[in-house]
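Chains as they are written, first to last, in my numbering: chain C, 46 to 331; chain A, 46 to 331.
Below you can see the structure in the form of structure tokens.
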């Protein structure tokens, strides 16, 4: 992990739940952690609570030019512009990563803006909570989660190793590698579609009156119906084509199941349940 | 709880996961617990493991005529026939309940068969696991769960109280009361629809290759995709009209969301997420 010994000063841009949790963990591990966030209150909270060492609510040149690596933890729509506006202040050859939930729409743009002098290695921490803001930051939420390094042919093996090691030292359980296209295709399904399902299930007629009668299954399926509408709207729109393909596939699948129930076609209905049971069992083995 | 002191000998018919868990808990509490199950192996296992005191894989007349109350824990399709076949052996004025997940299709039939000499008070323990059989029985799964007493105008206040107390001594967290129609309408939504969603999500194209990339949300939403296909096919068919209504409402809701994403209608999409967030928060308060 020599890259990390050489990258002592970490700048976190965007100090929300995820940026705050990165900062808290890295500071605990002994790094010098700086942050920039447009909320003065968040910066003050983070300094008072020893989540960061230094911070500013403006694009402070000293922080931007002094740091050895940057973690972009702002909303998806803000990341490209911030890098464009500030890259001339960066120290040469620094590594930059992000936490964004979609990749195709941003990675090539950022790498084109940066050129050969700085390296952007995208990554996606597959962790989250139904809460917002640095005040909810915690360094335990990475423990059983997956960390995906999203590489392109612009990345060096040194940059990729640096990013893998970031995932490791944050405490993620598993590090994997995907291209931006592979990542967005999978995320459309395992993350974006599941959030759309939870929201839709919660919004059906009469859902609000049923607290006394629900079992674990309803609670599990709607936990993520508590959702940050601004961030997820950006994520859905930035990955629209892939998400719509997944939604159509799911709507077709549940409509098929509906039709089997209408026709009381027990044999084909049971076959669907046998398939889902076999597939889900494989998940428990890993 | 005088009814329970007077009903010392409990017969459990059907010794699967639920019947086994009832038996185990009631025996621990000091009742004399008997069981009938067509699997000789299950009866032997339960006797060896002190889950029951006595049992038989045939419809043993001594057990049926000697017990003070009966818990029907067989599959939905089997319950009416078993009562029809065996009611002449019942001791007069015993209480009978069940664990079935649908009610309208069975409760009136059973009460008509029994007439005034025996009382059937339906109930639904809203607990379960993704496992089957008496070997997986455990007496902890009721702790945070809801127990629904499903009453009709044929029930006496003594019978209803007996059934409420069964839920309490089994350790359920909350006892509530619904008519068969109310019960089936709610269950179609909070239980049956959620299982259809989980199965359909798990069965979409490519799901099986994604173990390494999933977060908690996908795992939560598909946990119940491991499903007993024989029992759930019966439950779905016996509550078909109500389930189809709920499925149609959900399919409409997620199709609306899909169309908002296609049109990039951010304002209406955010409104849907604000509604789901507010509704889900209410669940956490209870």
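Each residue gets a CB set at the ideal place from its N, CA and C atoms; glycine is no exception.
Look at residue 114 (chain A): its C-beta is not under 8 Å from any C-beta on chain C. When DSSP states are grouped into helix, strand and coil, residue 94 (chain C) belongs to the coil group. Considered as a whole, the region 56–111 of chain C harbours 77–81, 99–101 as its complete beta strand (DSSP E) runs of no fewer than 3 residues, in chain order. No Cβ of chain C is located within less than 8 Å of the beta carbon of residue 200 (chain A). For residue 319 (chain A), the C-beta contacts it makes with chain C under 7 Å involve 274, in order along the chain. Per the DSSP secondary-structure output, residue 223 (chain C) pairs in a beta bridge with C:195. DSSP, read as helix, strand or coil, puts residue 271 (chain A) in coil.
Residue environment: residue 294 (chain C) is assigned as buried (16 or more neighbouring CB atoms within 10 Å of its CB, all protein chains considered). Just measuring C-alpha positions, the residue of A:220, A:234, A:219 sitting nearest residue 226 (chain A) is A:234. Residue 287 (chain A) is classed as buried because its beta carbon has at least 16 other beta carbons within 10 Å across all chains shown. One thing to note: residue 104 (chain A) has its Cβ no nearer than 8 Å to the Cβ of residue 88 (chain A). With a cut-off of 8 Å on Cβ pairs, the region 203–217 of chain C is in contact with the region 155–170 of chain C, counting three or more such pairs. At a cut-off of 8 Å, the C-beta of residue 165 (chain C) has no neighbouring C-beta in chain A. Taking a Cβ-Cβ threshold of 8 Å, the residues of chain C close to residue 277 (chain A) are 318, in chain order.
Judged by beta-carbon spacing, residue 296 (chain C) lies within the 8 Å limit of residue 296 (chain A), meaning their Cβ atoms are closer than that value. Annotation: residue 180 (chain C) is outside any alpha helix (DSSP H) and is labelled neither H nor E by DSSP. The Cβ of residue 63 (chain C) sits no closer than 8 Å to any Cβ of chain A.
The region 316–328 of chain C makes no contact with the region 271–281 of chain C: fewer than 3 CB pairs, one atom from each, lie closer than 8 Å. DSSP places residue 169 (chain C) in the strand class (E or B) of the three-state scheme.
Legend: CB atoms of the region 116–136 of chain C lying less than 7 Å from CB atoms of chain A are not found in any residue. For residue 139 (chain C), the three-state secondary structure derived from DSSP is coil. Taken atom to atom, the span from the alpha-carbon of residue 215 (chain C) to that of residue 116 (chain C) is near 13 Å.
Residue 270 (chain C) belongs to the set of residues whose beta carbon lies under 8 Å from a beta carbon in chain A. Neighbourhood of residue 235 (chain C) in chain A, by CB distance below 8 Å: 255, 258, 259, 260, 262, 263, in chain order.
Contacts with chain A at 8 Å (Cβ-Cβ) include residue 326 (chain C). Residue range 114–117 is occupied by the beta strand (DSSP E) that includes residue 117 (chain C). Judged by DSSP secondary structure, residue 327 (chain A) falls within the alpha helix (DSSP H) whose first and last residues are 311–330. By a beta-carbon distance limit of 8 Å, residue 122 (chain A) does not contact residue 102 (chain A). Their separation comes to about 19 Å. At the C-beta level, residue 161 (chain A) and residue 187 (chain A) stay beyond 8 Å of one another.
Look at residue 297 (chain C) here: in three-state DSSP terms it is helix.
Sorting C:210, C:314, C:94, C:180 by C-alpha distance to the C-alpha of residue 193 (chain C) places C:210 at the top. Per DSSP, residue 161 (chain A) lies in no alpha helix (DSSP H) and is assigned neither H nor E. 8 Å or more divides the Cβ of residue 144 (chain A) from the Cβ of residue 195 (chain A).
Burial check for residue 323 (chain A): the Cβ neighbour count within 10 Å stays below 16, so the residue is exposed.
Looking at the DSSP output, residue 54 (chain C) shares a beta bridge with C:77. Proximity of residue 66 (chain C) to chain A, defined by a Cβ-Cβ separation below 8 Å, is not satisfied.
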